[in-house]
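Notes follow the structure.
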Amino acid sequence: MNKSQSIIVILPAHNEEQNIREVIKGIKETLPSAQILVVNDASTDNTPKCSHDAGARVISLPFNLGYGAALQTGYKFALEEGYEYVIQLDADGQHNPKDILKILEPVLNGNADIVIGSRFLEKGNYQTSLARKLGISFFGAIASLFAGQRITDPTSGFQALNRKVIEFFSSDRYPVDFPDADVLIMLHKAGFKIAEVSVRMNPSFSKKSMHSGLKPVYYIFKMLLSIFVTLLRKDLKEQ
C-alpha cells in the first residue's frame, strides 16, 4: 500500500444530497487513489445513494448520533482497515478539496500528528458573524493557553491525522459529543504534535453544517464543561 492508497477521506454527512456529489468529485480530482468514506448520520434524504453513485463507500448509522459519533465511526473503520492517514472534511461543500494536500503534507512528512485547516491564520480568508467569530476566538484562546501553542481555529472540521491519532480517537477517550477545543487540549496532554495551516473556505451550499448545529449558549456551556473535565483527566497518555 503506497502513501496515496493508505489515505482515507472521511465525510460525516446528514441530509447533504445537494452537495455530496460535488464534494466527492473534488476529492477524487485531488486524491484519485484515496478511499472516500461517507458516514451517513441517519439522513432522511438521498445522501447515501448520491454518495454511492459518486463513488464513495457508505456507512449508515441507524440513528442520528451527531457529528462526533459519525467521525468516530469513520476513525474506527480506518483503524480496522489498516489506513495510515485520515483526512476529514465537512460534506456541505465549505471545505475546498484543493487544500487537502496542503493539510496532509506536514502529517506525511512527520512534522505533525494532526493538522488543522485554519480559516483565520491569514486575514480575509473567512467572513462570519461577529458573535461566531468572538466564540471561535474565545475557545481558540483557551485551547492556545492549555495546548501551549497558538490555535486560531479550534472548531475547524478540516483536518489530517496520522495513525497514532486515529488510534487515540477510536478509543473511549474521544469526546463524541463535542470534538472541538477540548480535543486539542486532550491531544496536547497526550503528547501529540498539533499544527495549523491556512485554508480558504467556500460558502456552504446548504448554509448549515453538522459541525455547527448546536444552540450557541448550550454549546458554550457544554464545551466549557468538557474542557474542564479534560483538564482533570489523568489517562491521556499517548499509546
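Counted the way the UniProt record's numbering counts, the sequence shown spans residues 1 to 239. Where a beta carbon is used, it is the ideal one built from N, C-alpha and C, also for glycine.
- Linking glutamate 16 to glutamine 149 through their CA atoms gives a straight-line distance of about 35 Å.
- Between leucine 71 and proline 12, the C-beta spacing is below 8 Å.
- Check the Cα spacing between asparagine 96 and each of Pro179, Val23, Ile220 and His188: the tightest is with Val23.
- Counting only the Cα atoms, methionine 186 lies some 8 Å from leucine 231.
- In the three-state reduction of the DSSP assignment, glutamate 196 falls in the strand class, which pools E and B.
- Annotation for isoleucine 166: Tyr75, Ala78, Leu79 and Val86 place their beta carbon closer than 6 Å to its own, counting only its chain and skipping 5 residues before and after.
- For histidine 95, the secondary structure class from DSSP, reduced to helix, strand or coil, is strand.
- In the DSSP assignment, the residues bridged to alanine 160 are Ile87 and Val115.
- In terms of Cβ geometry, glutamate 105 and threonine 152 do not form a close pair [threshold 8 Å].
- If you draw a 10 Å sphere on the C-beta of glycine 93, you find 16 or more other C-beta atoms in it, and that means buried.
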